[in-house]
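Asks:
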Amino acid sequence: MAIFSLWVINKAGGLVYQRNFAEGLAQLTSNEYLVLAGTLHGIHAITSRLSPMGSSSGAQVIESESFKMTILLTATATKFVLLTSLTEHNPDNVLQKVYEIYSDAVMKNPFHTPEMPIRSEGFDTRIAALIGTGQT
Amino acid sequence: MAYSQPHSRVSVLSTSSQSSVEHLSPAASSTRFSLPSIPATPGFQASRPAGVRPNIYDRNLNKTRITEVSGAAFTFLFSEVVQYTQKRVSGINDLERRLNTLGYRIGTRVLELMVWRTEAPSKAPKREIRFLPALMSIHTQVWRAVFGKPADAIEKSVENADEYMIIDNDPLIERYISVPKDMSQLSCSSFTAGIVEAVLDGLGFPARVTAHNTPTTQFPSRTTILIKLEKSVLEREEVLK
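From first to last, the protein sequence lines stand for chains A and B.
According to the numbering used here, the first sequence is numbered sequentially starting from 2.
According to the numbering used here, the second sequence is numbered sequentially starting from 21.
Set out below in structure tokens:
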């Protein structure tokens, strides 16, 4: 029952936002996070072509023994990734709300450049209100 | 020579169009399929589906309930306005001045529309001539017309007699805006300040209006609209007392 981390990956596979909320996962350097996000982007692109039934939305959940990764792909190819414990009951719901906050506090902010790292105070405070504060 | 050329061109155009009309009209009577477009145009307009909304200029000015604008559409538009303006200015002061100018153009229209809506049905239409009632009407009516809710407070400066403040705890146009740290002086509510300045000007109270961030812990985007009245206004107020 814990949310470990939230990532936002832009449509080119770059990590534009990363924030940790709880202890439990190994700490990585920012470079490692970037590589991981790029790799996930590639995996996601491949999984979206795997379906025998034609086009697919790609991987939605990746589970391991100790945590799971829930991925929300938006219509504009931005990806929201939530790293949670296995018992977290509704990560999709949380991601949907994160998407809402993103469209309010990031897309409507005139000082944000699309596809660039998110440095918006409004986004930070709203995410903190949704998920809880935590160390960045 | 240079003069005669456009003249001849115009005359050629007009004669050719005239001749084509003469050419077409007998054709219309002789063959059924020669002029499909001309009778079709009025027919098309008449058969416009009933659900289509009339042009914005043809709508009733006093019906406000169904003509509200989508908040998301407005914020996206305003965000683009700020981005567009920011690309064309050299500094924060310049940016605020431009937003103020844009707001001013809206304020003149807001005043006209507001007076029309509130005073038109009354038998004895009135106009604010004293400053405080005018300020009150800006605080409640202008704010309600533009943002859908009254502003939160009016204050009078203690140090300067010519300064008044309108305070909005959560300005609608700044709700989704996070100003970066290096521009922390900037207040996008300069746009609102422009609206207020135009309304005051229109009512005959010339003033300089600016916007300032005055955040509190409870309201991080609290904004003060500072009104600095011209001397003539204060002198007139003295006479009217």
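We treat Cβ as the ideally placed atom computed from N, Cα and C, and that holds for glycine.
Have a look at M117 of chain A and L220 of chain B and give me their C-alpha separation to the nearest angstrom.
Replies: Cα to Cα, M117 of chain A sits roughly 42 Å from L220 of chain B.
Asks: So who's on the other strand from M70 of chain A, going by DSSP bridges?
Replies: The partner list for M70 of chain A (beta bridge, DSSP) reads A:I63, A:L84.
Asks: Relative to the C-alpha of A173 of chain B, which residue among B:L119, B:R242, B:L260 is closest?
Replies: The candidate whose alpha carbon is nearest that of A173 of chain B is B:R242.
Asks: So with Cβ pairs under 8 Å, would you call S99 of chain B a contact of chain A?
Replies: Yes, its Cβ sits closer than 8 Å to a Cβ of chain A.
Asks: Taking C-alpha atoms, which residue in B:I247, B:V101, B:E255, B:D190 lies nearest to T237 of chain B?
Replies: Selected option, being the one with the closest Cα: B:D190.
Asks: Near R108 of chain B, what residues of its chain come up, given a Cβ to Cβ distance below 8 Å and the 5 sequence neighbours on each side ignored?
Replies: Correct list, in chain order: R118.
Asks: Residues of chain A with CB under 7 Å from V102 of chain B, in chain order?
Replies: Chain A residues near V102 of chain B: P111.
Asks: Name the residue from A:G14, A:F5, A:E64, A:S56 whose alpha carbon lies nearest to the alpha carbon of A78 of chain A.
Replies: Comparing Cα-Cα distances from A78 of chain A to each of A:G14, A:F5, A:E64, A:S56, the minimum goes to A:G14.
Asks: Applying the criterion that 16 or more other CB atoms from any shown protein chain within 10 Å of the CB defines a buried residue, is A231 of chain B buried or exposed?
Replies: Flag for A231 of chain B reads buried.
Asks: State the Cα-Cα distance for the pair T95 of chain B and V9 of chain A, rounded to the nearest angstrom.
Replies: Going from the Cα of T95 of chain B to the Cα of V9 of chain A covers about 23 Å.
Asks: Apart from the five residues on each side of it in sequence, which residues of its chain come closer than 8 Å, Cβ to Cβ, to A181 of chain B?
Replies: Closer than 8 Å at the Cβ level, and outside the excluded window around A181 of chain B, lie L254.
Asks: Name, going along the chain, the residues of the region 192-215 of chain B whose beta-carbon falls closer than 7 Å to a beta-carbon of chain A.
Replies: Residues passing the 7 Å Cβ filter: Y196, I197, S198, V199, P200.
Asks: Is there a Cβ from chain A that is less than 8 Å from the Cβ of F96 of chain B?
Replies: Judged by the 8 Å Cβ criterion, F96 of chain B is in contact with chain A.
Asks: Name, in chain order, the residues that DSSP records as bridge partners for D188 of chain B.
Replies: BP columns for D188 of chain B point to B:T243.
Asks: Can you confirm whether G123 of chain A, when its beta carbon is compared against all beta carbons of chain B, has any partner nearer than 8 Å?
Replies: Yes, G123 of chain A lies at the interface with chain B (some Cβ there is under 8 Å from its Cβ).
Asks: I believe M185 of chain B touches E175 of chain B by the beta-carbon criterion, under 8 Å. Please report the beta-carbon distance rounded to the nearest angstrom.
Replies: Between E175 of chain B and M185 of chain B the Cβ distance is about 4 Å, and since that is below 8 Å, they are a contact.
Asks: By DSSP, does A5 of chain A sit in helix, in strand, or in coil?
Replies: Note that residue 5 of chain A corresponds to Phe in the displayed sequence, not to Ala. The answer is strand: DSSP assigns F5 of chain A an E or B state.
Asks: As a quick exercise: from A:L26, A:Q19, A:L35, pick the residue whose alpha carbon is nearest that of L87 of chain A.
Replies: Nearest of A:L26, A:Q19, A:L35 to L87 of chain A, Cα basis: A:L26.
Asks: Tell me, to the nearest whole angstrom, how far the beta carbon of L206 of chain B is from that of V216 of chain B; I am working on the premise that it is less than 8 Å.
Replies: Not really, about 18 Å apart at Cβ, beyond 8 Å.
Asks: I need the boundaries of the beta strand (DSSP E) containing K98 of chain A, first residue and last residue.
Replies: Unbroken run through K98 of chain A is the alpha helix (DSSP H), 92-102; no beta strand (DSSP E).
Asks: Can you confirm whether A76 of chain A, when its beta carbon is compared against all beta carbons of chain B, has any partner nearer than 8 Å?
Replies: No, A76 of chain A does not count as interfacial toward chain B.
Asks: Scan the region 46-76 of chain A for residues whose Cβ lies nearer than 7 Å to a Cβ of chain B and list them as they occur along the chain.
Replies: Those residues of the region 46-76 of chain A that come within reach of chain B (Cβ to Cβ, closer than 7 Å) do not exist; the list is empty.
Asks: Among B:G168, B:E250, B:S204, which residue has its Cα nearest to the Cα of L192 of chain B?
Replies: Closest by alpha carbon: B:G168.
Asks: Pull up the CB-CB distance for A171 of chain B and I187 of chain B, whole angstroms please, since I reckon it's below 8 Å.
Replies: Contact holds; Cβ gap of about 7 Å.
Asks: Just to confirm my understanding: we take I132 of chain A, look at its own chain, exclude 5 residues before and 5 after, and list those with CB closer than 6 Å. What are they?
Replies: I4, F22, listed in sequence order.
Asks: I'd like the span of the beta strand (DSSP E) that includes V135 of chain B, first residue to last.
Replies: No beta strand (DSSP E) holds V135 of chain B; the alpha helix (DSSP H) holding it covers 112-139.
Asks: Among B:K83, B:E258, B:G222, which one has its Cα closest to the Cα of I158 of chain B?
Replies: The residue with the shortest Cα to Cα distance from I158 of chain B is B:G222.
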